[in-house]
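Protein chains in written order, with full-length UniProt numbering: chain A, 1 to 440; chain B, 1 to 440. Just so you know, even glycine gets a beta-carbon here, dropped at the ideal spot from N, CA and C. Treat the numbers as computed from the prediction; the structure is a model and nothing was measured. The structure under discussion appears below in the form of structure tokens.
In structure tokens, the structure reads:
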């Protein structure tokens, strides 16, 4: 059988890795796929860099549309990123009848519905293993490996930059700003790290996972997104004393009334494997009603790990390209006409437990007042950690930190309680609220 | 599209789970697969038990051959186990043109070549996700998720019984025999636990993984198999002091000259996630040249976790049944005409590092003599732990334990050195030799 011919749009880090892996392992890949996979064309604005990478092995052009239009390209691999030109090119490739592989989580999380509909219309495949957790085959696990299950929840460390920063903050007791600078120096964080540290990148990936786990459309606009920029070394230390690590998790959870879709710093019990995933590594836990808890671990970024996912998609396409469309795995795991209308829940309806840190006056009755406010909202307490009063007292007498862990409650009830607590004269600073997940 | 019709051979633990999961999640599964999956017939010698499970939902017969011959069955699910009647029935089902799903690792590890050849001949699929690591989709990860890679090694905790026993031995400082009895009482070990504790079950699974990782035929007869029956609490304790946990690992590793295929107790650095996989849980690490290290974790046994894998295979078959054979994923990951002839290496050629425990006379020069024997074989030492001499001295003066960790070496060289050390008059008891893997 003749090789599958691939056109790359963009040959930066991941594109270069894809070229290298396909060259180095071409024999192994052919033995698996039953046919070769060859990059025949590459489009990159920097044609000199592109030529330096591919040599004579592929035609290099500056215009991506030449690749899309070429009769020598069966599959277009989009590695440009972002919502702008990448969206237009992916839609044009589909319109031209090309299969598409993309690592672009932002694009799929925001415009996935339009893109998947266009692909269905044209009978082409859109594959995106590389969009979530790099080389870890988590899309395949969710979409094919766990098809027997009602997925109950998915929770993942799916952004390496923030996990590196959190690991360093904990290891060295340093604050966020200091560690971010170090991460930038080491290349673990970009010059503009906003998408990573504000949780947007993780939320994009969680959005994609929510769709394939629960059979709902991608709805990034309804995701709750919090990053790690406001996290203090103090809370990491207190969490540790209580037996928890703080991780930025992307979470998608099914309730009877809808889907929780949220990304935020989360306390996780130290004894869970995922709490021990350090540095830039990624890990995703998936809970299914039949399989129980499973976890998938590996490198979530980088040239060859991401290329590993891109090439796996190319092999899947090479295998399925001659099969009837009904035989192919649906892009979002569920048949397109069988998506669910379960809504994404507002954050007030999310059910979770909480970590609260209150700066309070060291007076009798303070704890009683606070616990009664929680009780009024039906929130029960799991643990309390009260520090000795500080040596240096503030205005109005001694101050102390009061740490409260709650049991599960609706976030709306917690917010009502928080407002009441915050208005107490004995609560001396803004209350820190973090979410906690047992992941059991 | 009409449902895929399934005949179950055997409705014990896994068969019952398969029936339950298919019933409970039928809607979810149909939304994914695009068609229903229905159990139409069940064969079990205990027809009363079978009827109690399935009620009126499926026809119950005592004779498995009735299921195989039935025109109302598209896929035969073999859950009988063992090499005997199960082999005959699987081959008969294939001959009758039925697709086969099996959880039978023993059968595939020993007779896989014959079975896969027969299936290829008849153009039917043989799927076996449930044969390795229960509900963890590790077969899919190796066969489809990591196709871009030259797999370098696979190492897994793939037997829950032995992992439970090892966890208990370490936690409670108890010896093997005591914990085995407890495991039997709790249902974690069978009345005849031989296949588990002697490493045979793990070796079956490692054999299957070696085939799909490296594209070689299944060759259980060439696997090196050691269980945990001779492991002492003493060595678990010493390993801990040196920063290691002892796990029964099934390992398949590629060398230039061939494939290592071995199952044995293994020292693993405590800081690796896999060292912290406790109780009956399973985990498999896979190292690929592009993706780096990945890990897959979950329940390796039990009714519904195993059923999760059986049903995932049924969905894969439901999707691919109308695709041309060339579009289907090959049973052993590689195209059947592209298997490799790389040999399975004899254990003497395996490269690994070692933990040695020697009972020696507490005399000057003993350590020097032992290290010089190792040096003669080109074996370098990573660490030495010498205990204080025991208070109670044996015949011929004080005795002490000498623990040595080596760097990587060929096992043949180690065995030569061991024979020389064992013959020293100052070595007072049989030397304990365990293998160590850094898994980095």
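Open item on the list: Taking CB distances under 8 Å as the criterion, tell me whether residue 137 of chain B reaches chain A.
Closed with: yes
TODO: Within the same chain, show all residues whose beta-carbon is closer than 8 Å to that of residue 270 of chain B, passing over the 5 residues directly before and after it, in chain order.
DONE: 240, 243, 244, 245 and 276
TODO: Say whether chain A places a C-beta atom closer than 8 Å to the C-beta of residue 319 of chain B.
DONE: yes
Open item on the list: Would residue 291 of chain B pass as an interface residue toward chain A - the criterion being a Cβ-Cβ separation below 8 Å?
Closed with: yes
Open item on the list: Check for me: the beta strand (DSSP E) holding residue 147 of chain B runs from which residue to which?
Closed with: Here residue 147 of chain B belongs to no beta strand (DSSP E), and DSSP marks it neither H nor E.
Open item on the list: Using a 10 Å radius around the Cβ and a threshold of 16 neighbouring Cβ atoms, would you call residue 397 of chain B buried or exposed?
Closed with: exposed
Task: Closest by C-alpha distance to residue 441 of chain B, when choosing among B:226, B:12, B:351 and B:164 - done: Nothing in the structure corresponds to residue 441 of chain B, since chain B is present only between 1 and 440.
Task: 7 Å Cβ cut-off: residues of chain A touching residue 296 of chain B - done: 296
Task: Assigned secondary structure, residue 328 of chain B (DSSP; H/G/I helix, E/B strand, else coil) - done: coil
Open item on the list: Please report whether the beta-carbon of residue 380 of chain B lies at a distance below 8 Å from any beta-carbon of chain A.
Closed with: no
Task: residue 210 of chain A and residue 261 of chain A closer than 8 Å at C-beta - done: yes
Task: Proximity of residue 418 of chain B and residue 369 of chain B at Cβ, strictly below 8 Å - done: no
TODO: Indicate whether at least one CB of chain A lies closer than 8 Å to the CB of residue 159 of chain B.
DONE: no
Open item on the list: I'd like to know whether the C-beta of residue 484 of chain B is nearer than 8 Å to at least one C-beta of chain A.
Closed with: The question about residue 484 of chain B has no answer here: the residues shown for chain B are numbered 1 through 440.
Task: Outcome for residue 372 of chain A when other beta-carbon atoms lying within 10 angstroms are tallied against a minimum of 16 - done: exposed
Open item on the list: Which residues in chain A have a C-beta closer than 8 Å to the C-beta of residue 372 of chain B? List them in chain order.
Closed with: Under the 8 Å cutoff, chain A gives no residues; its nearest Cβ is about 40 Å from residue 372 of chain B.
- [ ] List the residues that DSSP assigns as beta-bridge partners of residue 182 of chain A.
- [x] Note: residue 182 of chain A sits in no beta bridge, so no partner.
TODO: List the whole-angstrom C-beta distance separating residue 263 of chain A from residue 202 of chain A, where the pair is believed to meet the contact cut-off of C-beta under 8 Å.
DONE: 5 Å
TODO: Output the boundary residues of the alpha helix (DSSP H) element that contains residue 315 of chain B.
DONE: 303-320
Task: Local Cβ density within 10 Å of residue 380 of chain B, reported as buried at 16 or more and exposed below that - done: exposed
TODO: Quick one: list the residues of chain B neighbouring residue 322 of chain A, beta-carbon separation under 9 Å, in chain order.
DONE: 323, 324, 326 and 327
Open item on the list: Closer than 8 Å is the cut-off here; do at least three beta carbon pairs connect the segment 114-121 of chain B with the segment 94-103 of chain B?
Closed with: yes
Open item on the list: Quick check on residue 79 of chain A - is its C-beta less than 8 Å from some C-beta in chain B?
Closed with: no
TODO: Check whether the Cβ atoms of residue 182 of chain A and residue 140 of chain B sit closer than 8 Å, and answer yes or no.
DONE: no
Task: Proximity test, Cβ basis, 8 Å: residue 248 of chain A and chain B - done: no
Task: Candidates B:431, B:247 and B:384, of which the one nearest residue 360 of chain B by Cα - done: B:431
- [ ] Compare the C-alpha of residue 382 of chain B against each of B:363, B:364 and B:356 and name the closest.
- [x] B:356
Task: N-terminal and C-terminal residue of the alpha helix (DSSP H) that residue 210 of chain B is part of - done: 200-214
Open item on the list: Give me the chain C residues within the contact set of residue 215 of chain A, using Cβ-Cβ distance strictly less than 7 Å, ordered along the chain.
Closed with: Among the protein chains in the structure shown, which are A and B, there is no chain C.
Task: residue 403 of chain B versus B:25, B:413, B:385 and B:420, residue with shortest Cα-Cα distance - done: B:385
Open item on the list: Output needed for residue 272 of chain A: all residues of its chain with C-beta closer than 6 Å, excluding positions within five of it in sequence on either side, in chain order.
Closed with: 439
TODO: Could you work out which residues of chain A lie near residue 140 of chain B, taking near to mean beta carbons separated by less than 8 Å?
DONE: 137, 140, 141, 144 and 145
TODO: Give the DSSP-derived three-state secondary structure of residue 335 of chain A in the structure shown.
DONE: coil
Open item on the list: For residue 453 of chain A, would you say it is in contact with chain B, using Cβ-to-Cβ distances shorter than 8 Å as the test?
Closed with: Residue 453 of chain A cannot be examined here, being either before or after the span of chain A that is shown, 1 to 440.
- [ ] Report the rounded CA-to-CA distance for residue 456 of chain B versus residue 414 of chain B, giving the unit in angstroms.
- [x] Lying outside 1 to 440, the shown extent of chain B, residue 456 of chain B is not represented and no answer is given.
Open item on the list: Among the candidates A:322, A:288 and A:310, whose CA atom is the shortest distance from the CA of residue 151 of chain A?
Closed with: A:288
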